[in-house]
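Peer 1:
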Amino acid sequence: MLEFGFHQGAGLSSHMPRNDLQLLAMASTQDASGGMETLWQLCLHLQHLGYPVVVLDATAPETPRSPGLQHLLAHSARAQDMRPAAGAANTLAVLPAKLGLQTLLRQAEPGQPILPTLQPLLRSYALVVLHAPIEVLASPLLDASLATPLILMPPGQNGVIATYRQLKLLALHAGLNGLVACMARSYPAQQLRLAQDSLESLRRCAMRHLGQQPRTTLIRADRPQELQRLALQWLENACTISAPGSFSALPSIPSAGIPTYIAQSH
């Protein structure tokens with residue numbers, strides 16, 4: 029189980045939980061272990077702020093032994109069992125979602141948003157975190173969502189090139205911008221300078237070729253307070269998942285109990 033202390037700073041009152049179902053998106057990384065660890069830490073910070081989180085992991089396929097979104101779509105009555113665990117701020121609900129998201133994309137009606145389909149299934153939570161390859165995030169899945177996916181960038185030229193390509197996919201295929209976090213360590217100082225230069229190079233490249241200025245931030249990954257800051261920046265870019273056929277999300281339902289078909293990170 030991942031456990032850590034959370035220290036609230038000035039201004040956190042503006043981030044009090046809302047009743048709407050909110051969506052956050054994060055692009056998966058080639059460094060799966062490092063990217064997933066950062067994802068867990070960010071989600072746990074958000075839960076310590078009072079937001080029950082459910083992660084839809086589009087990098088993991090559903091199986092009979094690891095059921096997930098596909099099974100929930102096929103048995104929507106089970107949605108009533110999708111309830112955050114009371115007092116479990118250090119435990120994350122994680123649903124494999126690769127096949128379920130493929131089903132939603134395949135069955136989607138042209139011009140109709142896809143995300144509202146998730147609202148009745150996950151409305152007991154406050155935040156749905158979509159962790160997916162950039163190709164999924166740049167698909168019609170996020171149409172009309174105004175989402176700002178989080179992209180983790182390593183310092184250096186290769187990181188700049190890979191991140192620019194991700195921003196280009198988002199811009200050209202989904203009309204979306206991104207929140208880019210360059211992950212570096214405090215020491216040696218040369219790495220911080222490299223990270224700063226990498227972000228500046230990315231901003232110039234995106235403005236020159238895409239006509240947009242991505243949101244960027246430098247994160248010292250060895251400092252817990254920096255990940256807390258990133259979690260808040262990410263939260264500021266959350267978008268609402270409306271109920272099907274409406275213009276606002278239904279309120280989330282606070283309750284207890286852990287569904288048996290949800291994997292938990294410990």
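Just so we're aligned, residue 29 is where the sequence shown starts under my numbering, counting upward by one. In this text, a Cβ means the ideal position worked out from N, Cα and C, and glycines have one as well.
1) For the beta strand (DSSP E) that contains L84, what are its first and last residues?
2) Which residues in the same chain as T87 place their Cβ atom closer than 6 Å to its Cβ, once the five residues preceding and following it in sequence are excluded?
3) If we count Cβ pairs, one from each stretch, closer than 8 Å, do we get three or more for the segment 172-191 versus the segment 201-219?
4) Would G96 pass as a contact of A136 if the rule is Cβ separation under 8 Å?
5) What does DSSP give as the partner residue(s) for I179 in the beta ladder?
6) Quickly, what does DSSP pair V157 with across the bridge? List them, please.
7) For L258, name the three-state secondary structure that DSSP assigns.
8) In this structure, does DSSP put R248 in helix, strand or coil?
9) What is the residue span of the alpha helix (DSSP H) that H99 lies within?
10) Give the single residue among H103, P161 and S104 whose Cα lies nearest to the Cα of Q130.
11) What does T268 pair with, by DSSP beta-bridge criteria?
12) Do three or more CB pairs link the segment 254-273 to the segment 233-241 at distances below 8 Å?
Peer 2: With the given structure in hand:
1) That run of the beta strand (DSSP E) goes V81 to D85.
2) Scanning its chain for C-beta atoms nearer than 6 Å, with the 5 sequence neighbours on each side dropped, one finds around T87 the residues S56, in chain order.
3) The segment 172-191 is in contact with the segment 201-219.
4) For G96 and A136, no; Cβs fall outside 8 Å.
5) According to DSSP, I179 bridges with V208.
6) According to DSSP, V157 bridges with L52 and V83.
7) In the structure shown, L258 sits in a helix (DSSP, three-state: H, G or I).
8) Secondary structure at R248: strand, using DSSP grouped into helix, strand and coil.
9) Counting along the chain, H99 sits inside the alpha helix (DSSP H) bounded by residues L97 to A102.
10) Nearest C-alpha to Q130 among H103, P161 and S104: P161.
11) The partner list for T268 (beta bridge, DSSP) reads Q50.
12) Cβ pair count under 8 Å is below three, so no.
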